[in-house]
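For the first sequence, numbering that gives the first Met the number 0 gives the first residue as 0, with consecutive numbering after it.
We put the beta carbon where it would ideally sit given N, CA and C, even for glycine.
The structure presented is a predicted model; accordingly, all values stated were derived computationally and were not measured.
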Amino acid sequence: MAHFQNLHSWALSPREAVELQRSLRGKVRIEPLGREIGTIAGADISFDKFSSTVYAGIVVLRLPSLEVIEEVGVRSEAQFPYVPGLLSFRETPPLLEAWAKLKCEPDAVMLDGQGIAHPRRVGIASHFGLIVDRPALGCAKSVLVGRYVEPEREPGSWTPLVHQGETVGAALRTKAGVQPVFVSPGHLIDLQGAIALTLRCCKASRVPEPTRLAHLLVNAVRRGERTIDELDRTPRQDSLFD
DNA sequence: GCGACAG
DNA sequence: ATCTTGTCGC
0 MAHFQNLHSW ALSPREAVEL QRSLRGKVRI EPLGREIGTI AGADISFDKF
50 SSTVYAGIVV LRLPSLEVIE EVGVRSEAQF PYVPGLLSFR ETPPLLEAWA
100 KLKCEPDAVM LDGQGIAHPR RVGIASHFGL IVDRPALGCA KSVLVGRYVE
150 PEREPGSWTP LVHQGETVGA ALRTKAGVQP VFVSPGHLID LQGAIALTLR
200 CCKASRVPEP TRLAHLLVNA VRRGERTIDE LDRTPRQDSL FD
């Protein structure tokens, strides 16, 4: 069962959340990966319009095969509104509930959002990474802050995402003929590592597999096509051999 | 004051 | 994020 540290309270006002981000900023470590990544988790949440009920899920994949080795999901209540720049205060609590259900311990985690490509350099990937103390990266479908020039058409090509004169991420072409995704290191990984890891997670879609599969999982749970109970008691093939 | 604004 | 079907193209 994957665990995590209680760094702080989640009962905060938006104003207090901003102050907390300022204090967390100095704890974020952007550095080369410390070891090889053999498993990576994708995390995402889904919810009904006009409802505070949220479904959080995590899918763990093995690299380089991209086979799914574990899936967990939870239903929870959002306690914080969506505010640009404060996304982690809305999504992290439910995601941690799901994280706590994991039987395996992923070597890294990919979040649907930004890492340090954030106004105060503490996007959800940085915040989540700090709490679970694992290499974390953000792979977003759009930009929060920063400017970039369109990367070349070839998959794998990228251009720096620059904010206030600092390279905080990259516009990465994961597939020809589609918009780039925005990758940024979150914690315990650097930009080079985040880009390389994201590319290792790409198959046929614009969005890398961890995030894509986590998205499909939480939507299926929200629609009742899959149940949390089913997930709780369906051990993955691999876990039988662990 | 105006425009921007992850999910 | 979510609301929603078909449709154009490889």
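Taking buried to mean at least 16 other C-beta atoms within 10 Å of its own C-beta, is S125 buried or exposed?
Answer is buried; the Cβ neighbour count reaches 16.
For V206, which three-state DSSP category applies?
V206: coil per DSSP, three-state reduction.
If you draw a straight line from the alpha carbon of I115 to that of T158, how long is it in whole angstroms?
Roughly 16 angstroms between the two C-alpha positions.
Which stretch, first to last residue, makes up the alpha helix (DSSP H) that contains G122?
Careful: G122 lies outside any alpha helix (DSSP H) and carries neither H nor E.
Would you decide whether E151 is buried or exposed? Buried here means 16 or more other CB atoms lie within 10 Å of its CB.
Exposed, by the Cβ-count rule.
Applying the 10 Å Cβ sphere with the 16-neighbour rule, what's the burial state of T52?
The residue is exposed, with fewer than 16 neighbouring Cβ atoms inside 10 Å.
What residues in its chain sit with their C-beta under 6 angstroms from that of A193, if we drop five residues either side in the sequence?
The residues are L136, V182 and P184.
Have a look at F240 and R172 and give me their C-alpha separation to the nearest angstrom.
Bear in mind that the predicted position of F240 carries a pLDDT of just 34, short of 50, making it too unreliable to give a figure here.
Is S238 buried or exposed, if buried means 16 or more other CB atoms sit within 10 Å of its CB?
Residue placement at S238 is poorly supported in this model, since its pLDDT is 45, which falls under 50; the coordinates are not used for a value here.
Could you tell me which residues DSSP puts in a beta bridge with P159?
Bridge partners of P159: A169.
The alpha helix (DSSP H) spanning V17 covers which residue range?
Counting along the chain, the alpha helix (DSSP H) containing V17 begins and ends at P13 to L23.
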